[in-house]
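To keep things clear, I will list the structure first and then write my remarks on it.
Numbering (this note's numbering), first residue to last: 1 to 192.
Here you go:
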């Protein structure tokens, strides 16, 4: 159950930039007297605040407070693939968030249903590496091939790293959530 909630929060975190865009849009509309604080708009604000806080907590839980096992590896090859996923996903945010009129009950219902459908696909297909919030926070996304210390078998994973990954042919520690989502474990790498 814990894994499901971590995955759900990762999904929610991927949409934090969109939630912020919608939140700003609602604030501007209210300040311009185009919207009022009725039940639906109040529900929108509360929902967006909860989603933003949940998404930020999801990132913190998975990046800073993760209890996933760290393994010592030697990175054989790396390829920065941030640009292959970020722009297409971020444009979805802008396309989805800006024209949507959440002051209408029907638009709000469609909004929620679309998020649920995307969430099912996102979680079922382990698309955790598509997370623009991490990119905005300075993380780059890499496809790496590595050898786990003590074994000779080569493995591949997708990994987030803040900054430029220069660990090629070096030994480092990584937290492997699955083959689609891993982080360099800076706490153990800094001890070296």
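The beta carbon of each residue, even a glycine, is placed where N, CA and C say it ideally should be.
Touch test, the stretch 110 to 125 against the stretch 136 to 151, Cβ-Cβ under 8 Å, three pairs minimum: The stretch 110 to 125, when compared against the stretch 136 to 151, does not touch it at the 8 Å Cβ threshold.
Does the separation of the CB atoms of residue 82 and residue 13 fall below 9 Å? No, Cβ-Cβ distance for residue 82 and residue 13 is not below 9 Å.
So, is residue 77 buried or exposed, given that buried needs 16 or more other C-beta atoms within 10 angstroms? That one is exposed.
Taking only three categories from DSSP, how would you classify residue 126? Residue state, collapsed to three classes: coil.
Which residue from 182, 53 and 36 puts its Cα closest to that of residue 143? It is 182.
Could you tell me which residues DSSP puts in a beta bridge with residue 173? Note: residue 173 sits in a beta bridge opposite 72.
How should residue 24 be labelled, buried or exposed, when 16 other C-beta atoms within 10 angstroms of its C-beta is the threshold for buried? Residue 24 is exposed by the Cβ-count criterion.
Residues bridged to residue 139 [DSSP beta-bridge criterion]: Answer by DSSP bridge pairing, in chain order: 162.
Tell me whether the beta-carbon of residue 43 lies closer than 9 Å to the beta-carbon of residue 111. No. Outside cutoff.
Should residue 27 go down as buried or exposed, given a rule of 16 or more other Cβ atoms within 10 Å for buried? Counting other Cβ atoms within 10 Å of its Cβ, residue 27 stays below 16 and is therefore classed as exposed.
Would you mind reading off the limits of the alpha helix (DSSP H) that contains residue 153? That residue, residue 153, is in no alpha helix (DSSP H); it is neither H nor E in DSSP.
How long is the line joining the alpha carbons of residue 155 and residue 71, rounded to whole angstroms? Here the C-alpha atom of residue 155 lies approximately 12 Å from the C-alpha atom of residue 71.
Do residue 174 and residue 63 count as a contact pair if the criterion is CB distance below 9 Å? No. Outside cutoff.
What are the residues that DSSP puts in a beta bridge with residue 80? The partner list for residue 80 (beta bridge, DSSP) reads 142.
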